[in-house]
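2 protein chains.
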Amino acid sequence: MMKKIDGWLTAPKGFLAGGVTAGLKKSGKPDLAVVYSEVPAACGAVFTQNKMCAAPVLVDREVAQGDFARGIVVNSGCANACTGLKGLADAREMQSFAAGLWQVKLNEIFVCSTGVIGAFMPMDIVRKGIKNAIEVMGRDGGLACAEAIQTTDTFIKHSAYTTVIGGKEVTVAGIAKGAGMIAPNMATMLTFLTTDGAVEPALLKRMVKRVADRSYNMVVVDGDTSTNDSMIVLANGLAGNDRITDENHPDYEAFYEALQAVAVDLAKMIAHDGEGATKFLEVNVVGAKNFAEAKTAAMAIAKSPLVKTAFFGEDPNWGRIVCAAGYSGAEMIADKVNLSIGGIRLVEKGLNCNVALETLKPIMAEKEISMEIDLAAGEAKATVWTCDFSYEYVKINGEYHT
Amino acid sequence: MMKKIDGWLTAPKGFLAGGVTAGLKKSGKPDLAVVYSEVPAACGAVFTQNKMCAAPVLVDREVAQGDFARGIVVNSGCANACTGLKGLADAREMQSFAAGLWQVKLNEIFVCSTGVIGAFMPMDIVRKGIKNAIEVMGRDGGLACAEAIQTTDTFIKHSAYTTVIGGKEVTVAGIAKGAGMIAPNMATMLTFLTTDGAVEPALLKRMVKRVADRSYNMVVVDGDTSTNDSMIVLANGLAGNDRITDENHPDYEAFYEALQAVAVDLAKMIAHDGEGATKFLEVNVVGAKNFAEAKTAAMAIAKSPLVKTAFFGEDPNWGRIVCAAGYSGAEMIADKVNLSIGGIRLVEKGLNCNVALETLKPIMAEKEISMEIDLAAGEAKATVWTCDFSYEYVKINGEYHT
Numbered sequence: 000m001m002k003k004i005d006g007w008l009t010a011p012k013g014f015l016a017g018g019v020t021a022g023l024k025k026s027g028k029p030d031l032a033v034v035y036s037e038v039p040a041a042c043g044a045v046f047t048q049n050k051m052c053a054a055p056v057l058v059d060r061e062v063a064q065g066d067f068a069r070g071i072v073v074n075s076g077c078a079n080a081c082t083g084l085k086g087l088a089d090a091r092e093m094q095s096f097a098a099g100l101w102q103v104k105l106n107e108i109f110v111c112s113t114g115v116i117g118a119f120m121p122m123d124i125v126r127k128g129i130k131n132a133i134e135v136m137g138r139d140g141g142l143a144c145a146e147a148i149q150t151t152d153t154f155i156k157h158s159a160y161t162t163v164i165g166g167k168e169v170t171v172a173g174i175a176k177g178a179g180m181i182a183p184n185m186a187t188m189l190t191f192l193t194t195d196g197a198v199e200p201a202l203l204k205r206m207v208k209r210v211a212d213r214s215y216n217m218v219v220v221d222g223d224t225s226t227n228d229s230m231i232v233l234a235n236g237l238a239g240n241d242r243i244t245d246e247n248h249p250d251y252e253a254f255y256e257a258l259q260a261v262a263v264d265l266a267k268m269i270a271h272d273g274e275g276a277t278k279f280l281e282v283n284v285v286g287a288k289n290f291a292e293a294k295t296a297a298m299a300i301a302k303s304p305l306v307k308t309a310f311f312g313e314d315p316n317w318g319r320i321v322c323a324a325g326y327s328g329a330e331m332i333a334d335k336v337n338l339s340i341g342g343i344r345l346v347e348k349g350l351n352c353n354v355a356l357e358t359l360k361p362i363m364a365e366k367e368i369s370m371e372i373d374l375a376a377g378e379a380k381a382t383v384w385t386c387d388f389s390y391e392y393v394k395i396n397g398e399y400h401t
Numbered sequence: 000m001m002k003k004i005d006g007w008l009t010a011p012k013g014f015l016a017g018g019v020t021a022g023l024k025k026s027g028k029p030d031l032a033v034v035y036s037e038v039p040a041a042c043g044a045v046f047t048q049n050k051m052c053a054a055p056v057l058v059d060r061e062v063a064q065g066d067f068a069r070g071i072v073v074n075s076g077c078a079n080a081c082t083g084l085k086g087l088a089d090a091r092e093m094q095s096f097a098a099g100l101w102q103v104k105l106n107e108i109f110v111c112s113t114g115v116i117g118a119f120m121p122m123d124i125v126r127k128g129i130k131n132a133i134e135v136m137g138r139d140g141g142l143a144c145a146e147a148i149q150t151t152d153t154f155i156k157h158s159a160y161t162t163v164i165g166g167k168e169v170t171v172a173g174i175a176k177g178a179g180m181i182a183p184n185m186a187t188m189l190t191f192l193t194t195d196g197a198v199e200p201a202l203l204k205r206m207v208k209r210v211a212d213r214s215y216n217m218v219v220v221d222g223d224t225s226t227n228d229s230m231i232v233l234a235n236g237l238a239g240n241d242r243i244t245d246e247n248h249p250d251y252e253a254f255y256e257a258l259q260a261v262a263v264d265l266a267k268m269i270a271h272d273g274e275g276a277t278k279f280l281e282v283n284v285v286g287a288k289n290f291a292e293a294k295t296a297a298m299a300i301a302k303s304p305l306v307k308t309a310f311f312g313e314d315p316n317w318g319r320i321v322c323a324a325g326y327s328g329a330e331m332i333a334d335k336v337n338l339s340i341g342g343i344r345l346v347e348k349g350l351n352c353n354v355a356l357e358t359l360k361p362i363m364a365e366k367e368i369s370m371e372i373d374l375a376a377g378e379a380k381a382t383v384w385t386c387d388f389s390y391e392y393v394k395i396n397g398e399y400h401t
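Residue numbers (numbering that gives the first Met the number 0), protein chains in the order written: chain A, 0 to 401; chain B, 0 to 401.
Following this line, the structure appears as structure tokens:
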């Protein structure tokens, strides 16, 4: 029933979006975006766990406690992080300025920033940008909105699905930015999802956390968690489906499936666009004691610079994969471990299968490579998406100058 | 009283050492080393926590439970890891073969291996090598021994100190290998310390753990913990000092100081020799809630690819350092954090000090750079040593082919 469509944040009913060049980026590229729901939308959000979180995250944590929100204001070019009380006042002013123009309540507006850490927001430019973006926003502003949240991304990340819930067509759409958990001196993974599905706010908040844990939280580029990471979901109910009230509601799974489909698409795009990435890697851990340990082992493999550089070099260096699982802390039975790359078994019961290098060469040359390790310690599994580690990563992050 | 000297493992009284080319390395370089004490030596050791630990580590864990040992047999070129029951039998045979030649008990001999993971030991070559090494070992074999344990190291790591304990001169010496927690498809940090100090075996075991926690466990190159990491200390008592029995013994601190001095020297050399390193970095965390959190924050900074590539690029990108501390999980007061690089304050109470780039340029150009971050959450501190992350790291680990 669920169907992938080509649409932006405005694909669901009742959402407007826009993006403009305010002048925050030296490049002159679009840097101010807005998303707006014509009616109050149930909201849910998750944010960075970084203790040095940016000012807008502090503001948004308050907004996310409310049931409903109306809009999101986003700037790129300045992260408003490590900016103290002045930064907090600036984030609040972005919020109140947009709320005033939209004639909605202060705590119905989310604010997000991404860009240089430690610099203050040039508020004259920001105010002018918000005003312009709100003026131009519309049903056709989805692409402009997505463009204005990018920093070092090499492609624009968006995804949308429709599904039928209780006889009504419900649409879920999303955009994301991020190429590295932190881009060069920039910060942030930002992602926004809109839907016209009708859902109880308290339930949406739980669903957002569940979706994040199964999508964005399963992606790692360099292991660095930014100061600004934010995921915000707005559900305005205009599809007219019977409101989904809890996990036992008959439509819960269909709605969850659509949210997750959008989030997983975007999460994978972030790994594809990892700084300097030449390959997309899928790390499957099976046979773990529980999900947490499966994820721990998969993350250890996905973060290992030795594993990532081996894939860059197209070297089927399975010892590094097994070794990373071994030091991850996850329980494993060393002499029962199995490992496959691209479907070819390389390690069986902890021993080298001595597969010929020629057999593996075409698999290692692929642009998307999947591996699976069986820890032989239980029934749980997890999948993490990452990318390889290239000269280009060092170049992007080493040659960039503050 | 403590004095640095130029000596090898044979600098302490009663130790013999040797190294030969057995033929395990394709390069024809020395690959089989032995260390021997003329009298039983109190022993202490710590090993990798990796669940995929190598066969010799399994054997050595048993040896380390005993009070006294006589020797260590080490090969490079083959890690004897992921080799199952056959690998374990091979490690035991190395042990029994050496014990037979030395006419000592089986469980008085440590065995260590470093090299390729997943390959079986060519035991004919190993036996011949052990026999030759034992034949040539002597008081002048320290350098040859150190050479034979190297893999991708770019220099030989050794350190020695003498100190006076209860009127007797006590010598502590050590060697180490390791350039990356794992070298390309090789495994292992190995380090061996010898001393003629007299110490109760049970106390030595505690001291070795304490020393490791304050030296090798404070070094990180790429965050990958190998399958073979081993630290072994032999103390044969031939210096004739009053035997140190416990932590309250008047000579405890002096002896500990000498052990730690050797271990810290070697640990720093490992960071200096990190794969592809162009800079040695010292990360000091102060103002942490406790030592564990101080270390956690320092390790997060030292492991961050973004921090490491920034130093490679000589970019004083302080946002990445503060950000890494922020996501480490250590408690910190965001608006009280201070950060200095090379003694220059860059962040004060969480805010950018706007130091001119020209001021920082000469500091960032140094080959050894120290940084200090104050988390403002307590009184504890920790220091971690690491290196930068260069194109060369990617080259070494990506272009190497299995």
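Think of the CB as a built atom: it goes at the ideal place given N, C-alpha and C, for glycine as much as any other residue.
Beta-carbon contacts of residue i that lie in its chain and below 8 Å, excluding the five residues immediately before and after
{"i": "K278 (chain A)", "result": "F310, F311, E365, K366, E367, I368, C386 and D387"}
{"i": "W101 (chain B)", "result": "Y35, R69, G70, I108 and I133"}
Sequence-distant residues of its chain with Cβ nearer than 7 Å to residue i (five each side left out)
{"i": "V210 (chain A)", "result": "L258, Q259 and A262"}
{"i": "L87 (chain B)", "result": "A54 and L57"}
{"i": "T244 (chain B)", "result": "E199 and L202"}
{"i": "E313 (chain B)", "result": "M363 and A364"}
Min CB distance residue i to chain B below 8 Å
{"i": "A379 (chain A)", "result": "no"}
{"i": "K50 (chain A)", "result": "yes"}
Below-8 Å beta-carbon distance, residue i vs any chain A residue
{"i": "A90 (chain B)", "result": "no"}
{"i": "T226 (chain B)", "result": "yes"}
{"i": "M298 (chain B)", "result": "no"}
{"i": "N351 (chain B)", "result": "yes"}
{"i": "S229 (chain B)", "result": "no"}
{"i": "L305 (chain B)", "result": "yes"}
{"i": "D334 (chain B)", "result": "yes"}
Residue i - containing beta strand (DSSP E), residue span
{"i": "Y160 (chain B)", "result": "K156 to I164"}
{"i": "G286 (chain B)", "result": "F279 to A287"}
{"i": "E347 (chain A)", "result": "I343 to E347"}
{"i": "D2 (chain A)", "result": "Checking the sequence, you will find Lys at residue 2 (chain A) rather than Asp. Looking at the DSSP string, the run of the beta strand (DSSP E) that includes K2 (chain A) is K2 to I4."}
{"i": "E274 (chain A)", "result": "From DSSP, E274 (chain A) is part of no beta strand (DSSP E); its letter is neither H nor E."}
DSSP state of residue i mapped onto helix, strand, coil
{"i": "A175 (chain A)", "result": "strand"}
{"i": "Q48 (chain A)", "result": "coil"}
{"i": "E330 (chain A)", "result": "coil"}
{"i": "C144 (chain B)", "result": "helix"}
{"i": "K167 (chain B)", "result": "strand"}
{"i": "N227 (chain B)", "result": "coil"}
{"i": "A90 (chain A)", "result": "helix"}
{"i": "L202 (chain A)", "result": "helix"}
{"i": "C352 (chain B)", "result": "coil"}
{"i": "I300 (chain B)", "result": "helix"}
{"i": "P315 (chain B)", "result": "coil"}
{"i": "L305 (chain B)", "result": "helix"}
{"i": "I372 (chain A)", "result": "strand"}
{"i": "R69 (chain B)", "result": "strand"}
heavy atom of the ligand ZN below 7 Å from residue i C-beta
{"i": "A234 (chain B)", "result": "You won't find the ligand ZN in this model; it holds no ligand whatsoever."}
Same chain, Cβ closer than 6 Å to residue i, neighbours up to 5 away in sequence not counted
{"i": "T193 (chain B)", "result": "L8, P11, F14, A172 and L233"}
{"i": "A253 (chain B)", "result": "T162 and I164"}
{"i": "G65 (chain B)", "result": "N106"}
{"i": "A379 (chain B)", "result": "A287, N289, F290 and A293"}
{"i": "V73 (chain A)", "result": "A32, C111 and I148"}
{"i": "A197 (chain A)", "result": "G236, N240 and R242"}
Endpoints, alpha helix (DSSP H) assigned at residue i
{"i": "K396 (chain B)", "result": "It should be pointed out that residue 396 (chain B) corresponds to Asn in this sequence rather than to Lys. Counting along the chain, the alpha helix (DSSP H) containing N396 (chain B) begins and ends at Y390 to G397."}
{"i": "L265 (chain A)", "result": "Y251 to H271"}
{"i": "K130 (chain A)", "result": "M122 to V135"}
{"i": "A61 (chain B)", "result": "The question names Ala, but residue 61 (chain B) in the sequence shown is Glu. A54 to Q64 is the span of the alpha helix (DSSP H), which, as asked, contains E61 (chain B)."}
> If you pair each beta-carbon of the stretch 389-398 of chain B with each one of the stretch 296-305 of chain B, do three or more pairs fall below 8 Å?
Replying inline: no
> How about the stretch 52-60 of chain A and the stretch 152-169 of chain A: do they share at least three Cβ pairs that are nearer than 8 Å?
Replying inline: no
> Are the stretch 119-130 of chain A and the stretch 74-93 of chain A touching by the rule of at least three beta carbon pairs closer than 8 Å?
Replying inline: yes
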